[in-house]
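Take a look at the structure set out below.
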Amino acid sequence: MDEHYYKLIEDYSKKTIRSEDLTDLLIWVDSNQQNQQLFRETLQAFETADQFLNKPANQHKSWAAIQQHTAKNTSVQAAVISKLNYRRYISIAAAIVILMLPVIYFNVNRSKPVVSIAYHQIYNPKGQKRLVTMPDGSNIYLNGDSKIRYAQNFNTGKRIVYLEGEAFFDVQHRDKQPFVVYTGKVSTTVLGTSFNINAYTSAKTISITVQTGKVGVIVKNKGKADPVKFLLPNEQLNIIKESGVATREVVNAVDFDSWREYKLFFYDKPLSEIADVIAREYDVEVEIKSKSLKAMKLTAKFNKSAVNQVMEVIAKLSGSKYKIYENKVIIYEQ
Numbered sequence: 115m116d117e118h119y120y121k122l123i124e125d126y127s128k129k130t131i132r133s134e135d136l137t138d139l140l141i142w143v144d145s146n147q148q149n150q151q152l153f154r155e156t157l158q159a160f161e162t163a164d165q166f167l168n169k170p171a172n173q174h175k176s177w178a179a180i181q182q183h184t185a186k187n188t189s190v191q192a193a194v195i196s197k198l199n200y201r202r203y204i205s206i207a208a209a210i211v212i213l214m215l216p217v218i219y220f221n222v223n224r225s226k227p228v229v230s231i232a233y234h235q236i237y238n239p240k241g242q243k244r245l246v247t248m249p250d251g252s253n254i255y256l257n258g259d260s261k262i263r264y265a266q267n268f269n270t271g272k273r274i275v276y277l278e279g280e281a282f283f284d285v286q287h288r289d290k291q292p293f294v295v296y297t298g299k300v301s302t303t304v305l306g307t308s309f310n311i312n313a314y315t316s317a318k319t320i321s322i323t324v325q326t327g328k329v330g331v332i333v334k335n336k337g338k339a340d341p342v343k344f345l346l347p348n349e350q351l352n353i354i355k356e357s358g359v360a361t362r363e364v365v366n367a368v369d370f371d372s373w374r375e376y377k378l379f380f381y382d383k384p385l386s387e388i389a390d391v392i393a394r395e396y397d398v399e400v401e402i403k404s405k406s407l408k409a410m411k412l413t414a415k416f417n418k419s420a421v422n423q424v425m426e427v428i429a430k431l432s433g434s435k436y437k438i439y440e441n442k443v444i445i446y447e448q
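Numbering (my numbering), first residue to last: 115 to 448.
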């Protein structure tokens, strides 16, 4: 196995892996069953070896000793290794690689010249939907009051998109070019799939819903990266921004991207969040006069309805009243 992936697996086991390195590791693991098996066994080996390596080793002396020992004992090693079971061999290899990692890390992280990157930015205003076709052929559907940012050389390296707001992604499959979406402290990595991300700045949570394929999600919590969470079709991950706590649930994924067809779907949502959706969908200001109404949770679906039709249903469900003044909606108790 390449030392590079040993390093990534070690970082993963310590929960310190960077988002961009996680992307490389995901591609390698997903490429074949042998790599998947190596990942599982090497991860266990690192965890086992870590119990015995409590003190930092002298990197130069350790590596020199390993090389000298290897040169003098090549024939002996072959005989010994053949008698060891595979997992034990991986454990020894992991311990050796751990001694090498400081040297590798030093060489990789030497200062590099700062490169200026030019970005494209696309903003979609309230009350509108927008389809953006990326240079690689992937489609991004932007909801109202949402924007994306991506490098001008997007199609030449890693496909990275920064999102604020809500968008549905239909990603073209490329084995060696992952597609990564960054939303604050959350990164979503895919090779080819379709999924929805809701990450409005005003919302308390970030929701990722998979329609087809598979995605890997990693959350940075208190400066550290949590273990990757994999999502399959009709699975949703809800992440609380403040704490980084994530919960997974099974949903009907098509409900959560129905906004592309000007449909509204609310499932057990407080009226305060529903008001934000109405404001974005119809480009109006929504004011709720009562704290108890703001906290009331509702479930409803609307199919290409006018704002007054939506408000009529919400008023009945919540037992409230409303008034519409030009571009402002006021909701109040009866």
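Here a beta-carbon is modelled for each residue, glycine too, at the ideal position from N, C-alpha and C.
State the Cα-Cα distance for the pair residue i and residue j, rounded to the nearest angstrom.
| i | j | result |
| --- | --- | --- |
| Gly258 | Ser301 | 22 Å |
| Tyr381 | Asp369 | 9 Å |
| Ala339 | Glu447 | 44 Å |
| Asn441 | Glu399 | 6 Å |
| Ala208 | Val342 | Summary for Ala208: the model assigns pLDDT 46, below 50, so the residue's position carries little reliability; its value from the coordinates is reported in the next sentence. Rounded to the nearest angstrom, the two C-alpha atoms are 21 Å apart. |
| Leu157 | Thr130 | 14 Å |
| Arg374 | Lys121 | 42 Å |
| Leu256 | Asn146 | 34 Å |
| Asp135 | Val329 | 15 Å |
| Tyr233 | Lys355 | 26 Å |
| Ala317 | Gly327 | 26 Å |
| Ile123 | Tyr396 | 47 Å |
| Ala265 | Ala429 | 45 Å |
| Leu245 | Asn335 | 32 Å |
| Asn422 | Gly433 | 16 Å |
| Ile454 | Ser386 | Because the chain spans 115 through 448 in this model, residue 454 falls outside it and cannot be assessed. |
| Ile254 | Asn149 | 32 Å |
| Thr361 | Met410 | 22 Å |
| Ala281 | Val427 | 26 Å |
| Ser133 | Val275 | 13 Å |
| Tyr296 | Ser127 | 22 Å |
Between which two residues does the beta strand (DSSP E) carrying residue i extend?
| i | result |
| --- | --- |
| Tyr237 | 233-238 |
| Glu349 | 349-354 |
| Lys442 | 442-447 |
Verify whether the separation of the beta carbon atoms of residue i and residue j is less than 8 Å.
| i | j | result |
| --- | --- | --- |
| Thr315 | Glu278 | yes |
| Ile353 | Val333 | yes |
| Leu351 | Ile388 | no |
| Leu345 | Val359 | no |
| Tyr439 | Met425 | no |
| Val285 | Ser252 | yes |
| Lys405 | Ile444 | no |
| Lys383 | Phe416 | no |
| Asp412 | Leu431 | The displayed chain sequence assigns Leu, not Asp, to residue 412. Contact: yes. |
| Ile320 | Gly298 | yes |
| Val365 | Asn348 | yes |
| Ile236 | Lys272 | no |
Residue range of the alpha helix (DSSP H) that residue i falls in?
| i | result |
| --- | --- |
| Val143 | 133-145 |
| Lys343 | Taken as a continuous stretch (DSSP letters only), Lys343 belongs to no alpha helix (DSSP H), being part of the beta strand (DSSP E) at 343-345. |
| Lys129 | Where Lys129 is concerned, there is no enclosing alpha helix (DSSP H), given that its DSSP letter is neither H nor E. |
Quick one: is the Cβ of residue i within less than 7 Å of any heavy atom of the ligand GDP?
| i | result |
| --- | --- |
| Asp144 | Among the components of this structure there are no ligands whatsoever, and the ligand GDP is therefore not found. |
> Quick one: complete alpha helix (DSSP H) runs, 4+ long, within the region 413-438?
Replying inline: 421-432
>> I want to know whether the region 125-144 touches the region 280-296 - three or more CB-CB distances under 8 Å.
In response: yes
> Hey, which unbroken runs of the alpha helix (DSSP H) at 4 residues or more fall wholly within the region 308-340?
Replying inline: Counting only runs of 4 or more, we get nothing.
> Which ranges would you report for the alpha helix (DSSP H) in the region 358-424 if only whole runs of at least 4 residues count?
Replying inline: DSSP assignment within the region 358-424 yields the following whole alpha helix (DSSP H) runs of 4 residues or more, N-terminal first: 385-396, 405-409.
> Of all the beta strand (DSSP E) runs that stay within the bounds of the region 237-293, which reach a length of 3 or more residues?
Replying inline: 244-247, 253-256, 260-265, 273-284
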